[in-house]
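Here the sequence shown is numbered in the numbering used here, starting from 367 and rising by one per residue.
Below: the structure, in structure tokens.
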Amino acid sequence: MGIALQIGSPTNTVEPNGNNTPSNTSSFDTHPDFYQKASFMLPDSLPNFIGAAQNTTECVVHIRSKSTSSYQQSHPYMDDPMFRYFFGDEFSNPQEYESEATGSGVILSESGYIVTNHHVIEGATSLTVTTWDNVEYEATLIGSDSDTDLALLKVEGDNLPAIRVGNSDSVQVGEWVLAVGNPFNLSSTVTAGIVSAKSRNINIGSAQTSVESFIQTDAAVNPGNSGGALVNVDGYLIGINTAIASPTGSYTGYSFAVPSNLMLKVVNDLMEFGIVQRGFLGVSIQDVPKDLDLGVTLGAYVAETVEG
367 MGIALQIGSP
377 TNTVEPNGNN
387 TPSNTSSFDT
397 HPDFYQKASF
407 MLPDSLPNFI
417 GAAQNTTECV
427 VHIRSKSTSS
437 YQQSHPYMDD
447 PMFRYFFGDE
457 FSNPQEYESE
467 ATGSGVILSE
477 SGYIVTNHHV
487 IEGATSLTVT
497 TWDNVEYEAT
507 LIGSDSDTDL
517 ALLKVEGDNL
527 PAIRVGNSDS
537 VQVGEWVLAV
547 GNPFNLSSTV
557 TAGIVSAKSR
567 NINIGSAQTS
577 VESFIQTDAA
587 VNPGNSGGAL
597 VNVDGYLIGI
607 NTAIASPTGS
617 YTGYSFAVPS
627 NLMLKVVNDL
637 MEFGIVQRGF
647 LGVSIQDVPK
657 DLDLGVTLGA
667 YVAETVEG
């Protein structure tokens, strides 16, 4: 038994009988003009992410939040007087336990202001920030805004590496981006993708006043990336990674970031007022329902008014 190997082009096939006889079999790579006529062509150069990665990984921190919760134990005989006589109130008193969550944050200033997601720090009794060089800081919560899922922290540090903030309004669908964060506690992790859509509403807010205008990207974002940076190929911050579309809780194709321009509005308000200043019309609107047969489909339909 013999084996015929084909390497290179054009090819001579070594026959099992040992005769080194040229084969008459032709293939596409025997035609020198194939690649010139092909409809697909490789680009002259691919995007270089090295500079953007080097300039931004030091600006992204790891955040560890601790919180204390309580729960009520239950027992089917807890209301029985004899049960309570022997066991007292052991099962009726609330039991406390401490939990820990992790996420990412982005350094906005050399003096130690850091932006992250509201859900990363929600309910925290203590916050610890770890920089890229493993220096730990105790962080103070300046303020948070659940409507945009953003929060502002402050650490006592000097000459911290602050990220450069870009203009998210100039972001184009199809441009390359990097997601920088600490997924699964893996520090300074960088993934690449493209902007898939802008002004995306995915209805993850719990309040009527939730503000959603996400940048959608296919850069891999996983648990622990929340609050991390979405940057362009020049290393400018264009978004804060916030959510993923996933039935499993891990990355399956799409992630969403709060645009940097919206982030700046929230951060500046939190610094100046402690809360976000915004107008509120007091109505809930939706597209004009066709089944109402109003004769028009343009404009907005007022579905509900809010008291006050």
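For each residue, glycine too, the CB sits at the ideal point set by N, CA and C.
The structure presented is a predicted model; accordingly, all values stated were derived computationally and were not measured.
Element boundaries [beta strand (DSSP E), containing residue i]
i, result
"S650", "V649 to Q652"
"K520", "L516 to K520"
"I487", "I487 -> not in any beta strand (DSSP E); alpha helix (DSSP H) instead, spanning H484 to I487."
"F580", "F580 to T583"
"W542", "W542 to G547"
"V597", "A595 to N598"
"G559", "T555 to R566"
"V495", "S492 to T496"
"E504", "E502 to E504"
"V668", "Y667 to T671"
Check whether residue i and residue j have beta carbons under 9 angstroms apart
i, j, result
"D535", "N634", "no"
"V649", "T671", "yes"
"N591", "P549", "yes"
"L544", "A490", "no"
"S512", "V486", "no"
"I606", "V587", "no"
"N533", "I610", "no"
"V642", "T514", "yes"
"S554", "T583", "no"
"A528", "V481", "no"
"A585", "A558", "yes"
"Y503", "M637", "no"
"T494", "R430", "yes"
"E466", "K432", "yes"
"I651", "V632", "no"
"T608", "G619", "no"
Where residue i falls, given that 16 or more other Cβ within 10 Å makes a residue buried
i, result
"D395", "With a pLDDT of only 48 at D395, under the threshold of 50, the placement of this residue in the model should not be trusted, and no figure is reported."
"S510", "buried"
"Q420", "exposed"
"R530", "exposed"
"E462", "exposed"
"T506", "exposed"
"V662", "exposed"
"E673", "exposed"
"E476", "exposed"
"T418", "For clarity, residue 418 is Ala in the given sequence; the question names Thr instead. With 16 or more other Cβ atoms within 10 Å, it is buried."
"I568", "exposed"
"T422", "buried"
"G665", "exposed"
Boundaries of the alpha helix (DSSP H) in which residue i is found, first to last residue
i, result
"S626", "S626 to F639"
"G417", "I416 to T422"
Query raised in the report: Counting Cβ pairs, one atom from each stretch, are 3 or more of them under 8 angstroms apart for the region 541 to 561 and the region 417 to 428?
Result: yes
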